[in-house]
Amino acid sequence: MITTNPSITPAPVSHHPSPETLLAYAAGALSEGVALAIACHASICRDCRRELGRLDAVGGEIMTDVSPAAIGSDALDRVLARLDEPAPAAPVAPPLDRETRSLVPRPLQRYLGGSLRALPWHHVGRMFEEVRLPLSGTRVKATLMRIKPGQIMPRHSHGGLEYTLVLAGGYQDNGVAFGRGDFSELDSNDEHQPVADPDGECLCLVVLDAPVRLSGFVGRLINPFLRV
Amino acid sequence: MFATVLSVPVWPLPLYRRQQRAAGRNKHGVAGRALTNEDLCELMEAIAARKDRQAFSQLFAFFAPRVKGFGIRRGVDPAAAEEIAQEALLTVWRKAETFDPEKASVSTWVFTIVRNKHIDMFRRHAYPEVDIDELAETADDAQPADHALASAQEGSAVREAMRCLPAEQLLIIQKAFYEDKSHRAIADELALPLGTVKSRIRLALARMRSALPEAVHDHD
Chain G
1069 MITTNPSITP
1079 APVSHHPSPE
1089 TLLAYAAGAL
1099 SEGVALAIAC
1109 HASICRDCRR
1119 ELGRLDAVGG
1129 EIMTDVSPAA
1139 IGSDALDRVL
1149 ARLDEPAPAA
1159 PVAPPLDRET
1169 RSLVPRPLQR
1179 YLGGSLRALP
1189 WHHVGRMFEE
1199 VRLPLSGTRV
1209 KATLMRIKPG
1219 QIMPRHSHGG
1229 LEYTLVLAGG
1239 YQDNGVAFGR
1249 GDFSELDSND
1259 EHQPVADPDG
1269 ECLCLVVLDA
1279 PVRLSGFVGR
1289 LINPFLRV
Chain P
443 MFATVLSVPV
453 WPLPLYRRQQ
463 RAAGRNKHGV
473 AGRALTNEDL
483 CELMEAIAAR
493 KDRQAFSQLF
503 AFFAPRVKGF
513 GIRRGVDPAA
523 AEEIAQEALL
533 TVWRKAETFD
543 PEKASVSTWV
553 FTIVRNKHID
563 MFRRHAYPEV
573 DIDELAETAD
583 DAQPADHALA
593 SAQEGSAVRE
603 AMRCLPAEQL
613 LIIQKAFYED
623 KSHRAIADEL
633 ALPLGTVKSR
643 IRLALARMRS
653 ALPEAVHDHD
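If you read the protein sequences in the order shown, they are chains G and P.
Letter by letter, the first sequence follows residues 1069 to 1296 in this note's numbering.
Letter by letter, the second sequence follows residues 443 to 662 in this note's numbering.
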């Protein structure tokens, strides 16, 4: 099982979301799945958290700088009348074990039905296991993937964008190393073949905003959109 | 001669500002001039600590017309924009205790609430937010804490940093926020190559980063 506790020994993050994706997050332009990947990365990465903080401040500035629009004369009274209404109950997250709390960033915890070892992992061949996360809408797909140590993934490219956030372990892709907190953003031109590090399982959040194009015969097997 | 000159208000500026501030605070229905972040923080504190409806009314008078104006600027019809303003301010009231003046300015915090209301109303999905484990944070003492963020978010500093952006970069940042457009849609609309839009965003963010260094003051 995964044994590292990254909350105690944070490793430096070396791969970040692109500036345009961070801007799109701040502007509210992302889908739920991609916003989830960004929120999770920034929950691990202080630099991106600060970048988003600056962008939110820019948003606040742009918002307060527009020409104010006249508000209905009864608007304040209508809101005042509602102040004592009970607030809608916040969704209650299931109790999670220590391993899950230490590996899974909080924004993602709310999408899990339980602790990592109790999730309904779905085996995909002998290569990896996955759990699909509940998102509203079907265009974007978010999964938690658990890849066996040393596993070579089938070569593939994407019809759209693929966002990957490493939560535990690591992998190599075209000679580049990805570890805990690292973020990869690939578009339809990028064909790649990640190889999980040999020293432990690799746990990733993977978000796809269009079907994967499979380059090999194993392809069909791992195409999440064909398997739904 | 003298009488004419003296009829022009020649109060020292701070006094004039104080009077302006007092006037702004007494009129609910007026969007008024800008309150400082300090003023807004005081109102937030009163709401969080005492459920102060008077303070909420003042905060409403400041933000509701701006939130509505922002909605209209984003192409929302006025009735829906007003509904967003009301819902956002109601959320401000409910979540007032979670506002931390050391982590964000009030406008920044309200903006994130407004952003989520827009997404909720028009796209009907959740928008996951950054959420860090404070315990994990304190274990990571190699870097300064996030407290200094608020100083980097002071409206005047942000405004100044934006004013210093080249027009072509500012335009793209504004389009992103006004039209909630991706860089692809912006590139299409402006008939610019995607790479140009990306590099302008990259340059703008780098400039903002150097103009708003977070570690201006450190609470540690």
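Cβ atoms here follow ideal geometry from the backbone N, Cα and C, with glycine treated the same way.
Going by CA-CA distance only, name the one from the options that's closest to residue i.
i         : options                                    : result
G/Asn1257 : G/Leu1229, G/Ala1149, G/Gly1247, G/Asn1242 : G/Leu1229
P/Arg626  : G/Pro1080, G/Pro1085, G/Thr1089            : G/Thr1089
P/Ala538  : P/Thr478, P/Val509, P/Arg495               : P/Arg495
P/Arg649  : P/Arg601, P/Leu632, P/Pro635, P/Ala618     : P/Arg601
P/Glu544  : G/Arg1194, G/Gly1121, G/Leu1203            : G/Gly1121
G/Ala1092 : G/Asp1124, G/Cys1108, G/Gly1249            : G/Asp1124
P/Tyr620  : G/Pro1087, G/Glu1129, G/Thr1206            : G/Glu1129
G/Arg1118 : G/Pro1136, G/Ala1157, G/Pro1087            : G/Pro1087
G/Leu1148 : P/Thr540, P/Ala491, P/Ala530               : P/Ala530
G/Ile1112 : P/Val518, P/Val572, P/Arg566               : P/Val572
G/Pro1266 : G/Ile1215, G/Pro1202, G/Met1131, G/Gly1193 : G/Ile1215
G/Ser1183 : G/Ser1252, G/Arg1146, G/Asp1165, G/Met1195 : G/Asp1165
Could you tell me the alpha carbon to alpha carbon distance between residue i and residue j, rounded to whole angstroms?
i         : j         : result
P/Asp630  : G/Asp1115 : 30 Å
P/Gly511  : G/Gly1238 : 47 Å
P/Trp535  : G/Cys1270 : 42 Å
G/Gly1096 : P/Arg516  : 12 Å
G/Asp1133 : G/Pro1173 : 34 Å
P/Pro586  : P/Thr478  : In this prediction, P/Pro586 has a pLDDT of 49, which is less than 50 and means its spatial position is unreliable; what the coordinates show is noted afterwards. Each residue's Cα considered, the two are about 26 Å apart.
P/Thr638  : P/Pro608  : 14 Å
G/Pro1080 : P/Glu596  : 29 Å
P/Val447  : P/Leu654  : In this prediction, P/Val447 scores a pLDDT of 39, lower than 50, which makes its location untrustworthy; the coordinate-derived value is nonetheless stated afterwards. Approximately 43 Å, taken between the alpha carbons.
P/Leu613  : P/Arg508  : 20 Å
P/Ser624  : G/Gly1247 : 28 Å
P/Ala488  : G/Val1274 : 43 Å
G/Gly1181 : P/Met604  : 43 Å
P/Gln528  : P/Leu501  : 12 Å
G/Arg1272 : G/Gly1243 : Before going further, note that residue 1272 of chain G is Cys rather than Arg in the sequence given. Cα to Cα, the separation comes out at about 18 Å.
G/Glu1153 : P/Ile514  : 28 Å
P/Ile643  : P/Gln611  : 7 Å
P/Gln462  : P/Leu482  : Residue confidence is low: P/Gln462 scores 44 on pLDDT, short of 50, so the model does not pin down where it sits. No coordinate-derived value is stated.
P/Leu532  : G/Gln1177 : 27 Å
G/Arg1200 : G/Ala1137 : 43 Å
P/Thr550  : P/Arg557  : 11 Å
P/Ala523  : P/Phe564  : 11 Å
P/Met498  : G/Ala1245 : For the record, residue 498 of chain P in the displayed sequence is Phe; it is not Met. Straight-line Cα distance between these residues: approximately 51 Å.
G/Ser1225 : G/Ser1170 : 31 Å
P/Ser652  : G/Val1160 : 40 Å
G/Gly1193 : P/His560  : 41 Å
P/Leu634  : P/Lys617  : 14 Å
P/Ile526  : G/His1260 : 43 Å
Could you tell me which residues DSSP pairs with residue i in its beta bridges?
i         : result
G/Ile1220 : G/Val1263
G/Thr1232 : G/Ser1252, G/Val1274
G/Glu1197 : G/His1191, G/Arg1214
Between residue i and the ligand MG, is there a pair consisting of the residue's CB and a ligand heavy atom that are separated by less than 7 Å?
i         : result
G/Thr1132 : Ligands displayed in this structure: none; no statement on the ligand MG is therefore possible.
Give me the chain G residues within the contact set of residue i, using Cβ-Cβ distance strictly less than 7 Å, ordered along the chain.
i        : result
P/Asp622 : Ala1095, Gly1096, Ala1097
P/Val600 : Ala1125, Val1126, Glu1129
P/Thr554 : Asp1124
P/Phe502 : Leu1144, Val1147
P/Pro507 : Pro1136, Ala1137, Ala1138, Ile1139
P/Glu524 : Ile1139, Gly1140, Ala1143
Terminal residues of the continuous beta strand (DSSP E) containing residue i?
i         : result
G/Ser1252 : 1251-1254
G/Thr1206 : Premise fails: G/Thr1206 is in no beta strand (DSSP E) and is neither H nor E.
G/Gly1238 : 1238-1241
G/Phe1246 : 1244-1247
G/His1190 : 1190-1192
Along chain P, which residues have their Cβ under 7 Å away from the Cβ of residue i?
i         : result
G/Ser1111 : Val572, Asp573, Ile574
G/Ser1256 : Per Cβ cutoff of 7 Å: no residues; G/Ser1256 is ~12 Å from chain P at best.
G/Pro1087 : Ile643, Arg644, Leu647
G/Ser1135 : Gly511
Which residue marks the beginning of the alpha helix (DSSP H) containing residue i, and which one marks its end?
i         : result
P/Glu480  : 479-492
P/Met563  : 548-564
P/Arg651  : 636-653
P/Glu525  : 520-536
P/Val509  : 495-515
G/Leu1104 : 1100-1112
P/Asp622  : Taken as a continuous stretch (DSSP letters only), P/Asp622 belongs to no alpha helix (DSSP H), as it is neither H nor E.
G/Arg1174 : 1174-1177
G/Tyr1093 : 1087-1095
G/Asp1145 : 1143-1150
P/Ala603  : 597-605
P/Thr540  : Note, P/Thr540: premise wrong, no alpha helix (DSSP H); not H, not E.
G/Glu1167 : 1166-1171
Which residues of chain G have a Cβ atom closer than 8 Å to the Cβ of residue i, listed in chain order?
i        : result
P/Ser549 : Ala1125, Gly1128, Glu1129, Met1131, Thr1132
Residues of chain P with a CB under 8 Å from the CB of residue i: which are they?
i         : result
G/Arg1150 : Leu532
G/Glu1167 : Result: empty, since nearest Cβ-Cβ is about 14 Å, beyond 8 Å.
Just to make sure I have the definition right: I need the residues of chain P whose C-beta is within less than 9 Å of the C-beta of residue i. Which are they?
i         : result
G/Gly1205 : Arg565, Arg566, His567
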